[in-house]
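A short worksheet on the structure shown next.
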Amino acid sequence: MAQKLARAGNFSKSCQAVCSDSTPSLGPHTHAKLQAKNPQGSEDFDKTFWPSAVDMNALRQEDDWRRVAEEHFSVDNIREYFARSPPLSVHDADSWRPREHVAFLFSEEDEEFHNLIRKHMVMPFIIGDFFPGHSEEVAGGKYFALVKPNANGAPIPHAGGASADADVRGIVISSTWRRCSASRAVDESSLAVADYLLGQYKNFQQFAGQKDGVIRCAQIVQLLLANHVNDDVSDPLVAVQLDASNAFCSVARQPQFDVLAGMASRPYDDGRVQVDDELPRPRTLDKYWGYFLSM
Amino acid sequence: MPGTDVAFKKLQPAYTEWNTARACQGWSHPAAPSSAPVNSDSPGPAAAPGSAPQLQSLGPAQGTSAASNNNIFSHCIIAEDNNSFHNWDAGLQFLSDKEISGKLCELRDFTFTSALPVGKGRTKFSSCMKKVLVLADIFQDSIRARDTLRHLARSLSTLLLSHGFKMIQTRCFHLLKGDLEWLWASCTKLGRARQTRLAANPHTGKARTNT
Chain A
17 MAQKLARAGN FSKSCQAVCS DSTPSLGPHT HAKLQAKNPQ GSEDFDKTFW PSAVDMNALR
77 QEDDWRRVAE EHFSVDNIRE YFARSPPLSV HDADSWRPRE HVAFLFSEED EEFHNLIRKH
137 MVMPFIIGDF FPGHSEEVAG GKYFALVKPN ANGAPIPHAG GASADADVRG IVISSTWRRC
197 SASRAVDESS LAVADYLLGQ YKNFQQFAGQ KDGVIRCAQI VQLLLANHVN DDVSDPLVAV
257 QLDASNAFCS VARQPQFDVL AGMASRPYDD GRVQVDDELP RPRTLDKYWG YFLSM
Chain B
192 MPGTDVAFKK LQPAYTEWNT ARACQGWSHP AAPSSAPVNS DSPGPAAAPG SAPQLQSLGP
252 AQGTSAASNN NIFSHCIIAE DNNSFHNWDA GLQFLSDKEI SGKLCELRDF TFTSALPVGK
312 GRTKFSSCMK KVLVLADIFQ DSIRARDTLR HLARSLSTLL LSHGFKMIQT RCFHLLKGDL
372 EWLWASCTKL GRARQTRLAA NPHTGKARTN T
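If you're matching them up, the sequences are chains A and B in order.
Heads up: the first sequence is residues 17 to 311, going by our numbering.
Heads up: the second sequence is residues 192 to 402, going by our numbering.
Next comes the structure, spelled out in structure tokens:
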């Protein structure tokens, strides 16, 4: 397998095939553990401040959306995404591999066909153009579990306060087509969102999405630590590493929609934000409401 | 015009017989025209111009039979006898049945490994993809029908590539002929066989998980 991956040009995965000691979690309780990792949240959303279909249609008529659709979601950009996907990446729930099964669809000069792929396979994920009865399948993905080893490579014991599902690492493989649309959307909006966050919060530093972002982050942290002895003990400068546990499994959807809509439908921040208060958010995400709604 | 009425009366039995035969094949039609002249080449509405989209979407069905209520594609009627979707009626009925029964995504219950199409296999696969997307593009007025056909397009990798590269062209041929039921049944059979093997020895799943 490692040789096959290396010959195809996917060296990262080839290395992983040799070095990784991850094994599938196939225990009798794996299913229950995965369910515990993914608590079923309420879908009874407060939609008071949600944009209406009329609002979204009006947004789609704006020059900004037309420009974004033409430039960032063009056939050329979609073709480039699939052509640059790593070879022999894992296939999705419908058995698509982006490089092997999709990239060649753009090889012939059939503009009509390419536009149909863009219109019916990629853009529905951006604008949320799905039949409501199919939403559950559209939002889902292929989900499997690996055994999460501890530092010594042995499974994490269910002791010392560790949760029952601590030894399972759930991995979701979403639709190849959704990944393409998400990649293009991030490419379009990431700079604007970074500018917004950097301008909005004085103590915000972002390294994600930058070239050599990890190295830059490490250098900044080292500089801070080198100067640590000069800090005031009563108000020290500290580096905090946050790891959002199960970040994507337990995402709170109502706050997410409130932020995207720009209005609070419930109190937040210990009551400092009340219902009907305006929530700051980067406006560039307004056009991706349909994307978040169909997740 | 008296002449028109006479001509229509002469054509009415032929039209009724033709319509009944079409209904038996799963196609539904709007109610028979009352007094409008009937073109023997195109008994339904006028043929759509151009070559690719040769079905006409007429909006929500009006005056259709009870059977058509069980077909989410029922408001789409055939425009010409000789068109590229001529023998897709049974296939669309099959797809509609799957959608209505909530089994449209049942193939996702199984794990398949898609073959890598090369040469003519790629050309055929592209043709199949285009055919389904052209069909989806016709249903501008029905998100349910359009999304069902989009799902069919998303399932093509499973339907056409899961039986090895030697079978790609054969399976593409079946899809181009609208034989969705055969494609679906063979995938279900393959998926169940794999599932049985996997249940017998769960650790054989390791290789697939790591790739």
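For every residue, glycine included, the Cβ atom is placed at its ideal position computed from N, Cα and C.
If the cut is a Cβ gap below 8 Å, which residues of chain A does Cys319 of chain B touch?
Walking along the second sequence from the start, residue 319 of chain B turns up at place 128. Within 8 Å Cβ-Cβ: nothing; Cys319 of chain B doesn't reach chain A, min ~11 Å.
If we define contact as Cβ-Cβ less than 8 Å, is Ile334 of chain B a contact residue for chain A?
Along the second sequence, one-based indexing puts residue 334 of chain B at 143. It does: the Cβ of Ile334 of chain B has a partner Cβ on chain A nearer than 8 Å.
Leaving aside the five residues before and after Gly312 of chain B along the sequence, list all residues of the same chain whose C-beta is less than 7 Å from its C-beta, in chain order.
Mapped onto the second sequence, residue 312 of chain B falls at position 121. For Gly312 of chain B, where only same-chain residues beyond five positions count, the Cβ hits under 7 Å are Phe356, Ile359 and Gln360.
Fully enclosed by the region 88-127 of chain A, which beta strand (DSSP E) runs are 3 residues long or longer?
Within the region 88-127 of chain A, no complete beta strand (DSSP E) segment of 3 residues or longer occurs.
Label Leu371 of chain B either buried or exposed according to how many other C-beta atoms from any shown protein chain fall within 10 Å of its C-beta, with 16 as the threshold for buried.
As a position in the second sequence, residue 371 of chain B is number 180, starting the count at 1. That one is buried.
Give me the subset of the region 281-305 of chain B whose CB atoms are less than 9 Å from a CB atom of chain A, sorted by chain position.
Under the 9 Å Cβ criterion, the region 281-305 of chain B contributes Glu290, Gly293, Leu295, Cys296, Leu298, Arg299, Thr302, Phe303, Thr304 and Ser305.
CB contact flag (Trp193 of chain A, Val138 of chain A, <8 Å)
Along the first sequence, read from residue 1 onward, the residue named residue 193 of chain A stands at position 177. Along the first sequence, read from residue 1 onward, the residue named residue 138 of chain A stands at position 122. Yes, the pair counts as a contact, with Cβ atoms nearer than the cut-off.
If you draw a straight line from the C-alpha of Lys321 of chain B to the C-alpha of Asp285 of chain A, how long is it?
Along the second sequence, one-based indexing puts residue 321 of chain B at 130. Along the first sequence, one-based indexing puts residue 285 of chain A at 269. The straight-line gap from Cα to Cα measures roughly 51 Å.
Could you list the residues in the region 341-357 of chain B with a C-beta less than 7 Å from some C-beta on chain A, going in chain order?
The residues in question are Arg341, His342, Ala344, Arg345, Ser346, Ser348, Thr349, Leu352 and Ser353.
Is the CB of Pro298 of chain A under 8 Å away from at least one CB in chain B?
As a working mapping, residue 298 of chain A is identified with position 282 in the first sequence. At a cut-off of 8 Å between C-beta atoms, Pro298 of chain A does not count as an interface residue with respect to chain B.
With DSSP collapsed to three states, give me the class of Ala255 of chain A.
For the purposes of this step, residue 255 of chain A is taken as the residue at position 239 of the first sequence. Per DSSP, reduced to three states, the secondary structure at Ala255 of chain A is coil, with no helix or strand assignment.
Assess, as a yes-or-no matter, whether the region 275-292 of chain B is touched by the region 328-340 of chain B under the definition of 3 or more beta carbon pairs within less than 8 Å.
Touching, yes, given that three or more Cβ pairs across the two stretches are closer than 8 Å.
With a Cβ-Cβ cutoff of 8 Å, do Cys319 of chain B and Leu367 of chain B count as a contact?
On the second sequence, position 128 is the one that residue 319 of chain B refers to. On the second sequence, position 176 is the one that residue 367 of chain B refers to. The answer is yes: Cβ separation under 8 Å.
Since Tyr217 of chain A sits in a beta bridge, which residues does DSSP pair it with?
Taking the first sequence and counting its residues from 1, one reaches residue 217 of chain A at position 201. Residue pairing for Tyr217 of chain A: DSSP places it in no beta bridge.
Helix, strand or coil, according to DSSP, for Ile187 of chain A in the structure here?
In the first sequence, residue 187 of chain A corresponds to position 171, counting from 1. In the three-state DSSP reduction, Ile187 of chain A falls in the strand class (E or B).
Would Val184 of chain A pass as a contact of Lys164 of chain A if the rule is Cβ separation under 8 Å?
Position 168 of the first sequence, counted from the start, is the residue given in the question as residue 184 of chain A. Position 148 of the first sequence, counted from the start, is the residue given in the question as residue 164 of chain A. Yes, the pair counts as a contact, with Cβ atoms nearer than the cut-off.
So, is Ile231 of chain A buried or exposed, given that buried needs 16 or more other C-beta atoms within 10 angstroms?
One-based indexing of the first sequence puts residue 231 of chain A at position 215. Exposed is the call here.
Local Cβ density within 10 Å of Gly215 of chain A, reported as buried at 16 or more and exposed below that
Taking the first residue of the first sequence as 1, we reach residue 215 of chain A at position 199. Classification of Gly215 of chain A: exposed, given that the 10 Å Cβ count is below 16.
Would you tell me roughly how many angstroms separate the C-alpha atoms of Ser346 of chain B and Ser199 of chain A, rounded to the nearest one?
The residue labelled residue 346 of chain B in the question sits at position 155 within the second sequence. The residue labelled residue 199 of chain A in the question sits at position 183 within the first sequence. Between the alpha carbons of Ser346 of chain B and Ser199 of chain A lies a distance of about 22 Å.
By the criterion of Cβ-Cβ separation under 9 Å, what are the contact partners of Leu324 of chain B in chain A?
To locate residue 324 of chain B, count along the second sequence from 1; it is residue 133. Within chain A, the residues near Leu324 of chain B are Phe129, Leu132, Ile133, Lys135, His136 and Met137.
Could you confirm whether any beta carbon from chain B is found closer than 8 Å to the beta carbon of Ala109 of chain A?
For the purposes of this step, residue 109 of chain A is taken as the residue at position 93 of the first sequence. So yes, Ala109 of chain A belongs to the interface.
Within chain B, partners of Arg113 of chain A - CB distance below 9 Å:
Residue mapping note: residue 113 of chain A aligns to position 97 of the first sequence, counting from 1. Correct list: Ser305, Leu307 and Ser348.
Contact with chain A by Arg313 of chain B, beta-carbon distance below 8 Å
On the second sequence, position 122 is the one that residue 313 of chain B refers to. Among the residues facing chain A, Arg313 of chain B is included, as its CB has a counterpart in that chain under 8 Å away.
If we define contact as Cβ-Cβ less than 8 Å, is Asp328 of chain B a contact residue for chain A?
The residue you call residue 328 of chain B lines up with position 137 of the second sequence. Judged by the 8 Å Cβ criterion, Asp328 of chain B is in contact with chain A.
Report back the beta-carbon spacing between Ile335 of chain A and Gly306 of chain A to the nearest angstrom; my notes put them in contact at under 8 Å.
In this structure chain A extends from 17 to 311, so residue 335 of chain A is not present and cannot be described.
Measuring alpha carbon to alpha carbon, tell me which of A:Pro102, A:Arg76 and A:Leu42 ends up nearest Gly144 of chain A.
For the purposes of this step, residue 144 of chain A is taken as residue 128 along the first sequence, with counting starting at 1. Out of A:Pro102, A:Arg76 and A:Leu42, A:Arg76 has the C-alpha closest to the C-alpha of Gly144 of chain A.
Check the Cβ-Cβ distances between Leu42 of chain A and every residue of chain B, and say whether any is below 8 Å.
Residue numbering aside, residue 42 of chain A sits at position 26 when the first sequence is read from its first letter. Interface residue, yes.
Quick check on DSSP: helix, strand or coil for Phe301 of chain B?
As a first step, residue 301 of chain B is located in the second sequence; it is residue number 110 there, counting from the start. Correct three-state label for Phe301 of chain B: coil.
Residues bridged to Tyr284 of chain A [DSSP beta-bridge criterion]
Counting from 1 along the first sequence, the entry for residue 284 of chain A is found at position 268. A:Val289, per the DSSP bridge assignment.
Grouping DSSP H, G and I as helix and E and B as strand, with all else coil, what is Lys311 of chain B?
Within the second sequence, the letter at position 120 stands for residue 311 of chain B. When secondary structure is reduced to three states using DSSP, Lys311 of chain B falls in the helix class.
Starting from the C-beta of Ser30 of chain A, find all residues in its chain whose C-beta is less than 7 Å away, skip the five residues before and the five after it, and write them out in chain order.
The count along the first sequence starts at 1 and reaches residue 30 of chain A at position 14. These residues qualify, in order along the chain: Ala18, Leu21 and Ala22.
If you run the structure through DSSP and keep just helix, strand and coil, what is Val209 of chain A?
Reading the first sequence from its first residue, position 193 is the one you call residue 209 of chain A. Of the three classes helix, strand and coil, the one that applies to Val209 of chain A here is helix, per DSSP.
Are the Cβ atoms of Ile236 of chain A and Gln222 of chain A separated by less than 8 Å?
As a first step, residue 236 of chain A must be located in the first sequence, where it is residue number 220. As a first step, residue 222 of chain A must be located in the first sequence, where it is residue number 206. Their beta carbons are not under 8 Å apart, which means Ile236 of chain A does not touch Gln222 of chain A by this criterion.
Could you tell me whether the Cβ of Glu153 of chain A comes closer than 8 Å to any Cβ of chain B?
Locating residue 153 of chain A in the first sequence gives position 137, where the first residue counts as 1. Using a Cβ-Cβ cut-off of 8 Å, Glu153 of chain A counts as an interface residue toward chain B, since at least one Cβ of chain B sits closer than that to its own.
Buried or exposed for Ala109 of chain A, going by 16 or more other Cβ atoms inside 10 Å?
To locate residue 109 of chain A, count along the first sequence from 1; it is residue 93. The residue is buried, with at least 16 neighbouring Cβ atoms inside 10 Å.
Just checking: is the beta-carbon of Asp370 of chain B within a distance shorter than 8 Å of some beta-carbon in chain A?
As a first step, residue 370 of chain B is located in the second sequence; it is residue number 179 there, counting from the start. Chain A, which has no Cβ nearer than 8 Å to the Cβ of Asp370 of chain B, makes this no.
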